[in-house]
Structures are given as structure tokens and as C-alpha cells.
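Encoded as C-alpha cells, the structure appears first; notes follow it.
What follows is the structure in C-alpha cells.
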């Protein structure tokens, strides 16, 4: 008979998590970097006490906001190329629901995180318990059911022994390259404290090594044939290139064959910006160099990308009617999108085999030369819009130029929603793989500062620079205090355009009136005048408002020497964006309106939809 150990369900859970390992650079390390926790009545007595017992092997971190701590956990997994990840636990009710937005973010971006929200009593005796939302027609319902559609795996633990198969399934999902995403184990609060005789084997150390699928022979042959027949091939590098750590294989393939590369938001930094064949960003926020090639390409090798609407210009970007798409991906769902030739494989393995098969083959020199010429032209355009200025209200691009000049390409640059992703995707010159950290799959305002904290936890020896707008800052800034408390230095550049500048520009582009986006256009009795520097300083950060681009560069140089988080605030122009590059994006314009501006925008919209090839 196998040996057992009597533990509460919560104790079994935390002990199990502390024994899961992985290998990074040949060294065995814990696969869980820790647990973020905000305690309440639904988890403090159960999982809280259990985390205390393993605090030396599985550290617990305290945050100020449940959504923010979940963002930090997700950013940690992304910055570790999904090799390591974190868990997050809350009480029931509002604490749990605060993490649902983050769960959706992780689901969309295929990022690993373990959610451990407290839940109602399984025995239902104190029903309804504090913070329980009752369903008049379903006694089994809980607010945690909201996690179901945004979790790759969901389980509600109503008996202590149920945690045994649930943990095995959770680890399989968190470590699987195709199924990877958020896992939710909803922990009934009475069951957290119930004991069971668990087999000792459950707590044996296990090392999880990433699976690397090799391509099917028939799919590989079809992909090779398509590429060898191409006259104008193009590679789109998505996040899967980074998660597979396949940058070396990508460089070998494209250098050998002369194929130009462009990058999605998730895939940017797959190749360094100064690689001659890297055309940089593609799609709605793309460079002119990349988008011109995408329009003409006859074969598109899409590596580790979801091919979402920003990447494909809402499927209007690829204008070659005879084009072939090859979907190199671990996930069948993504590999076969838009009738692509699927090539189900790990990115590194797939690129390596393609490179071997294509050895000695090159694309027509005119196509490669065309790409190199386009890159040179784009670099000149980018240098112009990012150049220093004396303007009272500089553009986002000019601020980006200042940050680039002051901090270089050796930092990890992190950002999320609003206007910055479009400008940074085109203009930021990324260095090492993973040095460009964007959350644009779910475009979540408020990710930036919390995400910067998670990235810094993953890369404690690197400079992490966060760029954030005033709108996102006001939504979620609490983890500045956490970064100071934990001694995790961030450099935060806050661009204040006094409202939601990006969506205001979209509103104008679709014929809408300036309404409810910029603060001046929203209903108000008194115009807000937020002192962001004083606010950040009140949380313990070094903080300064600068009056010019020159002052920003000087302040950034000082920030490098600071030993704690620095927040630099600069006023910017909400109406200016980079006209160079870019592409149409399908945002439906009303068919009927009393406003001539909307009717004119509708006419342009119909023309664009009618020209779509996808």
C-alpha cells in the first residue's frame, strides 16, 4: 500500500506547486516563480495558512489590486517565454471577479497563469455566505463561473481529493505549447480546510521540459514545395517564435534564402531591429517597408501567429490573389486559419527543417533588393518623426525617440493599450529577443505598470522601461507602490495627452464628433488637472514632470542611476500620430447618419471593404 500524508486540500495544493520544476539554461529551477495573494475570508484561513507553511520554497507576494497582480503574474510568464509562471489567489466575490479581465488577457495571448480564486461553501450550510452572488434558479452557480470561457482549463474543487487529478491537468495545460493559457482552480472555502490522506507520490519533484513537436512529413513537403515555388515570399514572425526561442533558426532560414521578415506585436524582437532582413512591424500598425511586401507576397510563412485583424489589416493587407499562406504553429486552430497550408510544429523545429530543406535555394535577388531598399526608406521616415523637438506638446513618436536615445535597445520596453502600441510597433528599435513586451492581443488598459512589475521579477538584472498614457495610468497604477515595496525598480514614462487620445483619433477618422474621449470633450464642471508626479511620489517613487524632450532625455539618464522606481511625466499632443506606414482597419461606420462627416467616412469604408481580398 502506498504511503500517504494527511494534509488539508490547500496544504496539498501549495506543497504540490512547490515541487514542480523546470530547466532554464541547463539549470533546474522552480517552475512557479511565486504566488500573488490578496487575502479575504474565502482564502485567508485555508490557502493563506498553507502558503505560509511553504513561504521559503514558494514565495507569496502581496499586491494592491487583484487585476493588477494577475497582470504581473501574466507578464512574468511572458517575459520568461512561458518557461516559468506564477499563480494568483483571491477571496470570493469581487476579489475573484477582478481577475477575470486578466484571465481573458492570458487566454487571448496564450500565456500561462494559475488562478486560485476562493469560492462558496461546497456544503452550502452557511448559504449565502458573505460576497456570494445567488442565482435564483441554479443552486450550483457561482460568480467564478465567469472564469469558464476565459480559462483553458476550469475546475471547481468541491471535495479535497479532487485536487489530485485537477493539479495534473493544470500542469499539462500550463506547460503545453499548443494548449497553453490560463488555468482556474476554483477553491470552495470549506474544502480548502478539509483534510485527506494524500499519496506521498503526489509531492514527488517533477521537472517539466517544453515539448517540441517536429513537423509531419507530408505537411513539411507541402510547405517546402510552396516556398521553392515562390517568387516573393515573406515571413511573419509571431509570438511563437519567441516562446520557442527560435530567433536563431529564423535568422538562419531567412539569411540563407534572402526572405524578408516582418513582425507582429507579439513577435517583435524575434530578430533585432538592425537585422537587414527585418522589415519590422506589419499590419495596421506596420511599417511601409513591411506592408508593401505583404501586399505583393505570393507565399506568406506565418510562424507562431494568430493572424488577427491588426496583423492582416482586417484581411485586406495581402493583395496577391494567388497567395499561399503557410501556418507554422503548434496549435491546429491557428495553423489552418484562412485556408492556410498547416505545418503543425514547434517554431524552432519547423524552421530548422525548412532551413535544411531549402539549403542552397534563394529567392530572386530583385525581391530581396526591393526589401532592403524599402527598409532604408522606412528608416529615414522613422528618424524624421522621432527626431528631437522644441514643441510644447511633442508627439508620441518624439517621446519614443527620446526614450530610445536615452535608454538604447538593451532595455526591456513594455506597453499596452492606446496609441502607444501603434507608434512603438513601428518605431521602437528592439534589441534582444523578448526585449519588446507588448500586450496588444486583448489591448488591456492598466496592464502597463503591473506588467512592468512582472517583467522585472522575471528579469531582475535588466532595465525595464514602461511607457503608459494618462488614461491607462488612472485606471491602474497601484503597483507602483508594490514595486517600491519589493525593491523592483521600473522606469515609467507617462505621456499625458489629457484623455483617451488614440480612440479620439479613431472617432474622428470614422466621421464622429469629438465626444467623451478627451477630458475637454467630456461632461465636466471643472477641468481635471491631475498632478501625476505628486501622485507617483506619494507611492514612494522618484517622480518628476519634464517640460521638453531635452529635459526628458536628461531625466532618463538620471533614472538609470536611481535605485527605485522613477516616474517621468510629459505633456503630449493628443491629435498627432505617425502618418508613415500603417494600414486600413475594419471599424464599421454607421450606414445612416445626419452628419455629413459620417456619411463621407461610410463611403470610404465601403470602398475599403469592397477591395478586401481575404
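Residue numbers (the numbering used here): 773 to 1386.
Ideal Cβ positions, reconstructed from N, Cα and C, are used throughout, including at glycine.
Rounded C-alpha distance that separates residue i from residue j
i: residue 1416; j: residue 1246; result: The structure shown does not extend to residue 1416, since the chain spans only 773 to 1386, so no value can be given for it.
i: residue 835; j: residue 1348; result: 36 Å
i: residue 1233; j: residue 1189; result: 26 Å
i: residue 1101; j: residue 966; result: 43 Å
i: residue 866; j: residue 1123; result: 45 Å
i: residue 1333; j: residue 950; result: 41 Å
i: residue 1186; j: residue 1207; result: 8 Å
i: residue 1083; j: residue 1055; result: 4 Å
i: residue 945; j: residue 1006; result: 32 Å
i: residue 1267; j: residue 1382; result: 37 Å
i: residue 1380; j: residue 1356; result: 8 Å
i: residue 799; j: residue 806; result: 18 Å
i: residue 1090; j: residue 940; result: 43 Å
i: residue 964; j: residue 842; result: 21 Å
i: residue 1345; j: residue 1167; result: 5 Å
i: residue 861; j: residue 974; result: 21 Å
i: residue 840; j: residue 830; result: 20 Å
i: residue 1066; j: residue 1139; result: 12 Å
i: residue 938; j: residue 889; result: 15 Å
i: residue 1276; j: residue 1203; result: 32 Å
i: residue 983; j: residue 872; result: 28 Å
i: residue 1252; j: residue 1307; result: 10 Å
i: residue 957; j: residue 826; result: 19 Å
i: residue 932; j: residue 961; result: 11 Å
i: residue 1292; j: residue 1302; result: 14 Å
i: residue 903; j: residue 1373; result: 47 Å
i: residue 1336; j: residue 887; result: 29 Å
i: residue 1137; j: residue 1030; result: 8 Å
i: residue 1132; j: residue 995; result: 17 Å
i: residue 1032; j: residue 1059; result: 13 Å
Strand pairing of residue i, partner residues [DSSP]
i: residue 1217; result: The partner list for residue 1217 (beta bridge, DSSP) is empty, contrary to what the question assumes.
i: residue 1074; result: 1008 and 1099
i: residue 834; result: 809
i: residue 887; result: 860 and 956
i: residue 1338; result: 1263 and 1314
i: residue 800; result: 795
i: residue 907; result: Note: residue 907 sits in no beta bridge, so no partner.
i: residue 1114; result: 1099
i: residue 1035; result: 1009 and 1053
i: residue 926; result: 956
Per-residue DSSP class, three states only, for residue i
i: residue 1296; result: coil
i: residue 1051; result: strand
i: residue 1316; result: strand
i: residue 810; result: coil
i: residue 1015; result: helix
i: residue 778; result: strand
i: residue 1044; result: coil
i: residue 1239; result: strand
i: residue 843; result: helix
i: residue 1161; result: coil
i: residue 975; result: helix
i: residue 1182; result: coil
i: residue 1347; result: coil
i: residue 1088; result: coil
i: residue 1290; result: strand
i: residue 1135; result: coil
i: residue 1105; result: helix
i: residue 969; result: strand
Beta carbon of residue i nearer than 8 Å to that of residue j
i: residue 784; j: residue 935; result: yes
i: residue 1218; j: residue 1256; result: no
i: residue 1129; j: residue 1116; result: no
i: residue 1014; j: residue 893; result: no
i: residue 1338; j: residue 1314; result: yes
i: residue 969; j: residue 1184; result: no
i: residue 1052; j: residue 1149; result: no
i: residue 1057; j: residue 1193; result: yes
i: residue 804; j: residue 789; result: yes
i: residue 1269; j: residue 1241; result: yes
i: residue 1070; j: residue 1002; result: yes
i: residue 847; j: residue 1227; result: yes
| message | Measuring CB atoms only, is the segment 1304-1324 touching the segment 1135-1149, in the sense that at least three cross pairs come out at less than 8 Å? | response | As far as the Cβ criterion goes, the segment 1304-1324 does not touch the segment 1135-1149, which means the pair count is below three.
| request: Tell me, please, whether the segment 1068-1081 touches the segment 1244-1258 by the rule of three or more beta-carbon pairs shorter than 8 Å. | output: Touching, no, given that fewer than three Cβ pairs across the two stretches are closer than 8 Å.
| Does the pairing of the segment 862-880 with the segment 1197-1217 give three or more beta-carbon distances under 8 Å? | The answer is yes - the segment 1197-1217 touches the segment 862-880, with three or more Cβ pairs under 8 Å.
| said: Count Cβ pairs between the segment 807-819 and the segment 774-790 that sit closer than 8 Å; are there 3 or more? | reply: They touch, by the three-pair rule.
| query | Below 8 Å, can you find three or more Cβ-Cβ pairs linking the segment 976-996 to the segment 895-915? | reply | With a cut-off of 8 Å, the segment 895-915 and the segment 976-996 do not count as touching, because too few Cβ pairs lie within range.
| task | Please determine if the segment 1154-1165 and the segment 1013-1030 are in contact, where contact requires at least 3 C-beta pairs separated by less than 8 Å. | result | With contact defined as three or more Cβ pairs closer than 8 Å, the segment 1154-1165 and the segment 1013-1030 are not in contact.
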